[in-house]
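Below: the structure, in structure tokens.
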Amino acid sequence: MIDPEELVDNLSRSMKTNNLESIQLGVNKLKTLSPKTWQKYCSSSQPLIQISDSVLNDVKIILNINQTFNDMASGNKEIAQIYPQLEELKAAFTKITQQISKAKIWMDNTETDRWLQQLMFATKQSPDERKVLADKFARIAVINRKKQEKIAHLSARMKELRAKSRENIEQKWLRRVPAQKQLNEQQLKATRHNEGRLVITAGPGSGKTHVLVERMNSLIEQGCQPSRILMLTFTVKATNEMASRVEKRLSDDVFGLPEITNFNGFCKKMIEADYQNFGFTKSPFHIDPKFTNFLLDDLTETGIDDDLIDLIQTDERIKRITMRLDNLLHNRCTDAGSLITWFEDKKLTPLEQDEAETIAQGNKPSKTLEEYRLIHAGLRLVNPLRNYIRNGNGLTFGDQITLFHQRLSSDPSYLAMICNNYDHVLVDEFQDNNLAQGEIVKLLSNHLTSTCVVGDPNQAIFRFRGANVRNLQDFLQAFENTSDITKIDLDTCYRHSQNIIDISDDLIDKSKSSITRAKVRTGWINEDETKVSIHTFIDEASEAVEHAKWLQRKQLLGYEYDEMVILARSLKHVEILTNHLKNLGVPYVSTSSGTLFEDDLSVEAGMLLRACTDPVRNVQAVQYLLNSGFMGVLKEDAAILSQQNRRTPQKLIDSIINSKGLFSNPEALTKFHNFINEHSIKNNESLNEWMFRVLRNSGFIAEMLNRGPDSQISKLISILSQELVNAGNFLVNTAKFGVYLTQLMEGKIELEIPQISKPNHVVISTIHRAKGLEWHIVVLPSLDKRKLPGKQIQERAEDLLLSEYYGENTDAEIEDELVRLYYVGVTRVIDELLLSRPLTRTDKSSPAILFLTAAEHYPVIENNIMHHSLLDNPLTPGETNLLNIRKNLERSIDNIGIERESEDLKLSIRALLTYHLEKLAKDERSLSSDTRKLISDLEKTVGRIKYNEFHNEELDTKQPVWIPDYYTWSMLRSYRNCPRDFAFTYVHKLITNQSKNQTRGNIVHSIIEEIGCLQERIDMNQLDEIIEQKINLYRNTIPMLLDEEIEEISLAIKQWYQSPRSMNQVVGIEKSLEFTYAGRKFLGKVDRIEIDGDGKLRMIDFKTGKPNNAPGTSGHEQLLLYSHGWKENFGSMPDVISYDFVMHDAVIDRDVNQIALQKGLARLIPLIEGIERNDFSVRPGKDSCKFCNNAILCNIKS
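Residues in the sequence shown are numbered from -12 upward in steps of one, following this note's numbering.
Below, the structure is given as structure tokens:
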């Protein structure tokens, strides 16, 4: 098979190198491109329409090349004379490809149309017969129109039926549970148990979150202040969900909220509040674990031993070992020094002595000894790495837990001080916590009124992160001899029916580490049942085809694609299914980072960032950019550079300027080189600012705005902006970020489901990422027993220490965790579960334990249909059509006549273009007006041919309109200031560095919020403590506040507290509102609601900026909007709205009435309409641009 572009590129390179044999071979291939029969391989049912064929501008280009080559071979011409003609040919190919990028050809495959074509040809000499034929054409047009009307009617009917089916599905959901949601007996016990230690076992769908919310509400109703309740979650997502549900549950007269945070966040906050006594010189900042391993390179300058420096510089394995052992020691509360001593005494030294004699004789040490030495070196590097990070005021996830645990266990007064702040602690997902976290909870429980831990050891699947599967058991055993330990099992599952519970129970019984608990029953009150089907398929391709059909049927019957999930142990296990869904056009998202780079634009953006980080190390990225035409570089110029630097690729970037050669566009090469050089990171420039500058100046930001928030480029830039904020100040070296970006592009990093989720898209994820979530349709394919990959040295090092130092049976635990993993997978389902496995994946293929367990409950359906596959990927109908076209094209090469060379070459070129057009047709793209004009011009050269055009269906390149799920005042204010800034923040979700004004506002609001939640007035010393504690959380963080700015905040707060403004009766603090306005959902949060001395209800919003110069004309829309929301929630409006400018000791009040409300809210309508029109044009202004966090993304300067 001949690719025309590749053929021309090869000819170009051959001429550059003066390779006559290669040139002759290329020209001969060019001459043998053959025609194909157009109408034979049609795929549409549209009526036959005649327009012209599309070919190259002048087929004589090829013939002239052939003649010129013959002249050159005979010595009559030089190579230089043939090259311009080849360039003309290449330009023609390029032009055609560009101009028909939106084209689609609809071709007919019916016998009727082929018969009519033959009639047209047979009657070309007879006008009368032509008239008869024209009449037949007219009748056929009428028939086709009626067919189209019938198809439209059937489509409408299908939509109606699907809507009805959807309605039935939703009614079915409602009938499964009681209309009034009430706590069951076990749940009620758990919420009312308010003293001592409580262990709650909560399986999938048992309502544990509901129980935790009700427990906190119960404690508050019994008199506990909300701020004295500490709720520790496992993830940030769980924290946000829990906080939202608690806020909605608490009554309106409750001031403040319980402290709800994830475990790491709580420990980090405690360290930041007292950072000096934790050994830091300023408030530490977080170091993301993905970037910690890059810091090992920096240890070479810290005075470590020479042998360790040599290992870091020469052996990449030492980094992986050190990171693994560092995590292990954090998770097991183990001191590196004691473990080094044990390892030397028990493992390394004895083996060194055993092999000393053979090594002295010149023999190499054994593989075991070599590994022991690396493990020993990794252990020795743990403390230097930790000290380096700590000395730079960095704080890793591991240190957040370790340092806090060490301080609690070694300093009784500090433990007492922490516990003085709380009466009750609740811990969610306790089985996912590590040993150190479990010990922290035990220490706290000795001083608190109640300690409640919730979890399910059957869902402990994070051993690789250091989770201690025995946390619940250990907690029970630690206090089993006391009188204040209670265990409650939540024994009702509301997620699915009893059959899934039975399958999952049978599965978990095969695990040796399951905890004893009460039998679980379903909470469904009707006879509905979760459907389960189990299938075997011939091969993975057939499995993929059938699963895709099944998902499409479910969507047709009323389910949405985002209610479906495909889960696997590894994303590699579902690659064929993923590819098939992509080919079919079934919308999906995957947690693989590689899916961020599925289009050329995202790949080019990634390669550009890599090239700018370090063009010498990222030669692949530089070469890709050259080949892709970045900055206008031509492919032939890129080929010359690649050829010249094939032995020294690291010199590629410098050779762009220094190379001597016959370049076609040297200006573009210079422009390319200058761009890379000018976009390295600058002094005092953050990584985020650098990335945005690169993407802005290269046009990717503009393309992101053009393509919309659902585009790959938007998702990519959004995620990268988040990651760079997480990187912290340590990752100032862009080369290290380049390594991370390479891993991201290679799919080596798995993203979180919330990061990649899209409406109406199937989720493809590992089971690990799906924990805690649920879907109506769950597919678990490829349920084969797979041999675990060989362990890498860091895994062997960890297993050695776990088994011999900690005394664990690692092999048994791995088997048990696999059972628990499948348990988590199968219990994600609500409505329908599909399990399957291919029979011929390997010669010794055998079913996984989940498949075997489920097969004990349901019959296995054997599917014996084998689907076509190519390179193990199923072929779509369009791909099959293309394959047949290509086969026919190659077969026809043998029939080319020597004397008909000119005509055959014309047909050959048409055939090649037809092939490319057919590829576009497979994408269902219609013919644009520009393309039709091009075809009309081209027919003058080569005559007319017949094909079908799909009328009035030009490709709509307009992006879907973005509509927010809800509105907030901040969104409207942002849009009013600058629609472009709004788009960056809310539509594309880009994260930029926080400004000083935002930091100042956060500090002021947090202090006033805490003061407002107090039940009584405090003295100035107590106020100083609160101010100092809150300011310490922001001291020395980015952006850094100066001492005088911090002092200014402190004085302003004290002045406010001593003024009458702080002495009114508080009704609510940080009160959340959910309401509707203009038919849209709004969310808001009021800083403070109070009753003044005159009995008026006042709504307060605290500001840290300057007072408005023209009160009453602008700025009041925020509190007028909240007044409307207050009335909708509580039946009446506040009497007064007030803006309190704390930093300037000023207040702007305004009475609220219906007229003021209507006038103020009317000014918001144009903003809402602008957002829903997706009018995100830039609005430059002196003030708006000066203080805009996204100014780096704009090319416009005010």
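Ideal placement from N, C-alpha and C gives every residue a C-beta, glycine not left out.
> Within 10 angstroms of its Cβ, does Tyr793 collect 16 or more other Cβ (buried), or is it exposed?
Replying inline: Locating residue 793 in the sequence shown gives position 806, where the first residue counts as 1. Exposed, by the Cβ-count rule.
> Mind checking whether Thr578 and Ile700 have CB atoms under 9 Å apart?
Replying inline: One-based indexing of the sequence shown puts residue 578 at position 591. One-based indexing of the sequence shown puts residue 700 at position 713. Not closer than 9 Å, so no.
> Apart from the five residues on each side of it in sequence, which residues of its chain come closer than 8 Å, Cβ to Cβ, to Lys927?
Replying inline: Within the sequence shown, residue 927 is the residue found at index 940, counting from 1. The predicted position of Lys927 is uncertain, since its pLDDT is 48 and thus under 50; a value taken from the coordinates is nonetheless stated next. So the list is empty, once near-sequence residues are dropped.
> For Met1120, which of helix, strand or coil comes out of DSSP?
Replying inline: As a position in the sequence shown, residue 1120 is number 1133, starting the count at 1. Correct three-state label for Met1120: coil.
>> Distance check for Ile327 and His755, CA to CA, integer angstroms please.
In response: Locating residue 755 in the sequence shown gives position 768, where the first residue counts as 1. Locating residue 327 in the sequence shown gives position 340, where the first residue counts as 1. The alpha-carbon atoms of His755 and Ile327 are separated by roughly 33 Å.
>> Does Ser325 pass the burial test, meaning 16 or more other C-beta atoms within 10 Å, or should it be called exposed?
In response: In the sequence shown, residue 325 corresponds to position 338, counting from 1. Classification of Ser325: exposed, given that the 10 Å Cβ count is below 16.
> Per DSSP, what kind of secondary structure is Gln209 in: helix, strand or coil?
Replying inline: The count along the sequence shown starts at 1 and reaches residue 209 at position 222. The answer is coil: DSSP assigns Gln209 none of H, G, I, E or B.
> Ends of the beta strand (DSSP E) at Thr321?
Replying inline: Sequence index remark: in the sequence shown, residue 321 carries index 334 (1-based). Where Thr321 is concerned, there is no enclosing beta strand (DSSP E), given that its DSSP letter is neither H nor E.
> Which ranges would you report for the beta strand (DSSP E) in the segment 570 to 596 if only whole runs of at least 3 residues count?
Replying inline: 575 to 577
> Using the C-alpha atoms, what's the distance from Gln424 back to Gly365?
Replying inline: On the sequence shown, position 378 is the one that residue 365 refers to. On the sequence shown, position 437 is the one that residue 424 refers to. Approximately 24 Å between the Cα atoms of the pair.
>> Please classify Phe451 as buried or exposed, where buried requires at least 16 neighbouring CB atoms within 10 angstroms.
In response: Here residue 451 refers to the residue found at position 464 when the sequence shown is read from its first residue. Its Cβ having fewer than 16 others within 10 Å, Phe451 is exposed.
>> The beta strand (DSSP E) that contains Cys1175, what's its start and end?
In response: As a working mapping, residue 1175 is identified with position 1188 in the sequence shown. Counting along the chain, Cys1175 falls outside any beta strand (DSSP E), and DSSP gives it neither H nor E.
> Glu843 by DSSP, collapsed to three states: which one?
Replying inline: Along the sequence shown, one-based indexing puts residue 843 at 856. Coil, per DSSP.
> What residue range is occupied by the uninterrupted alpha helix (DSSP H) comprising Thr188?
Replying inline: Mapped onto the sequence shown, residue 188 falls at position 201. Careful: Thr188 lies outside any alpha helix (DSSP H), inside the beta strand (DSSP E) at 183 to 189.
> Of all the options Arg694, Glu562, Cys439, Leu175, which has the alpha carbon lying nearest to the alpha carbon of Pro947?
Replying inline: By one-based count along the sequence shown, residue 947 stands at place 960. Comparing Cα-Cα distances from Pro947 to each of Arg694, Glu562, Cys439, Leu175, the minimum goes to Arg694.
>> Quick check on the burial criterion: 16 or more other C-beta atoms within 10 angstroms. Buried or exposed for Asn251?
In response: Counted from its first residue, the sequence shown places residue 251 at position 264. By the neighbour-count rule (16 or more Cβ atoms within 10 Å), Asn251 is buried.
>> I'd like the ranges of any alpha helix (DSSP H) spanning at least 4 consecutive residues and lying wholly in the segment 936 to 1015.
In response: 956 to 964, 966 to 969, 983 to 1000
> What is the rounded straight-line gap between the Cα of Asn747 and the Cα of Ile1155?
Replying inline: The sequence position of residue 747 within the sequence shown is 760, counting from 1. The sequence position of residue 1155 within the sequence shown is 1168, counting from 1. Roughly 25 Å separates the two Cα atoms.
>> Can you tell me whether Glu1061 is buried or exposed? The criterion is at least 16 other CB atoms within 10 Å of its CB, across all chains shown.
In response: Translated into positions along the sequence shown, residue 1061 becomes position 1074. Its Cβ having fewer than 16 others within 10 Å, Glu1061 is exposed.
> Residue range of the beta strand (DSSP E) that Cys439 falls in?
Replying inline: Counted from its first residue, the sequence shown places residue 439 at position 452. First-last of the beta strand (DSSP E) with Cys439: 437 to 442.
> Do you know how far the Cα of Leu244 is from the Cα of Ser231?
Replying inline: Here residue 231 is taken as the residue at index 244 of the sequence shown, counted from 1. Here residue 244 is taken as the residue at index 257 of the sequence shown, counted from 1. Each residue's alpha carbon lies about 10 Å from the other.
> Taking C-alpha atoms, which residue in Ile1036, Asn1161, Phe417 lies nearest to Ile1013?
Replying inline: For the purposes of this step, residue 1013 is identified with residue 1026 of the sequence shown, where counting begins at 1. Measuring from the Cα of Ile1013, the nearest candidate turns out to be Ile1036.
> Which term fits Asn314, buried or exposed, when burial requires 16 or more other beta carbons within 10 angstroms of its beta carbon?
Replying inline: Translated into positions along the sequence shown, residue 314 becomes position 327. When all chains shown are included, Asn314 counts as buried.
> For His411, which beta-bridge partners are listed by DSSP?
Replying inline: Within the sequence shown, numbered from 1, the residue matching residue 411 stands at position 424. Answer by DSSP bridge pairing, in chain order: Ile216, Ser437.
> Is DSSP giving Asp697 helix, strand or coil here?
Replying inline: Taking the sequence shown and counting its residues from 1, one reaches residue 697 at position 710. In the structure shown, Asp697 sits in coil (DSSP, three-state: anything other than H, G, I, E or B).
> Apart from the five residues just before and just after Leu728, which ones in its own chain have a Cβ nearer than 7 Å to its Cβ?
Replying inline: Along the sequence shown, read from residue 1 onward, the residue named residue 728 stands at position 741. The residues are Gly593, Leu596, Arg597.
> Which residues does DSSP pair with Gln1052 in a beta bridge?
Replying inline: Position 1065 of the sequence shown, counted from the start, is the residue given in the question as residue 1052. Beta-bridge pairing links Gln1052 to Ile1078.
> So the beta strand (DSSP E) Trp762 belongs to, where does it begin and stop?
Replying inline: Position 775 of the sequence shown, counting from 1, holds the residue named residue 762. Where Trp762 is concerned, the enclosing beta strand (DSSP E) stretches over 762 to 767.
>> Using a Cβ-Cβ cutoff of less than 6 Å, which residues in the same chain neighbour Pro861 once the five nearest sequence positions on both sides are dropped?
In response: Taking the sequence shown and counting its residues from 1, one reaches residue 861 at position 874. Reliability of the predicted coordinates at Pro861 is poor, the pLDDT of 44 falling under 50, and the value obtained from them is presented with this limitation in mind. Taken in chain order, the residues that qualify are Ala528, Ala531, Val532, His567, His854.
>> Which complete alpha helix (DSSP H) runs does the segment 480 to 530 hold, if anything under 4 residues is left out?
In response: 485 to 495
>> For Glu795 and Val811, what's the separation of their Cα atoms in angstroms?
In response: In the sequence shown, the residue the question calls residue 795 occupies position 808. In the sequence shown, the residue the question calls residue 811 occupies position 824. Rounded to the nearest angstrom, the two C-alpha atoms are 24 Å apart.
>> Can you tell me where the alpha helix (DSSP H) holding Arg377 begins and where it ends?
In response: Position 390 of the sequence shown, counted from the first residue, corresponds to residue 377. Where Arg377 is concerned, the enclosing alpha helix (DSSP H) stretches over 354 to 378.
> How would you label Val46, buried or exposed, when you count the other beta carbons within 10 angstroms and need 16 or more for buried?
Replying inline: The residue labelled residue 46 in the question sits at position 59 within the sequence shown. For Val46, the predicted structure reports a pLDDT of 40, less than 50, and the residue's modelled location is therefore unreliable. A value from the coordinates is still provided. Buried: at least 16 other Cβ atoms inside 10 Å.
> In three-state DSSP terms, what is Asn1205?
Replying inline: Nothing can be reported for residue 1205, as the shown portion of the chain is limited to -12 through 1185.
>> Tell me which residues share the same chain as Arg683 and place their Cβ nearer than 6 Å to its Cβ, disregarding the 5 neighbours each side in the sequence.
In response: Looking up residue 683 in the sequence shown gives position 696. Excluding sequence neighbours, Arg683 sits near Leu1180.
> Going by the beta-carbon positions, is the gap between Tyr962 and Leu1070 smaller than 9 Å?
Replying inline: The residue you call residue 962 lines up with position 975 of the sequence shown. The residue you call residue 1070 lines up with position 1083 of the sequence shown. For Tyr962 and Leu1070, no; Cβs fall outside 9 Å.
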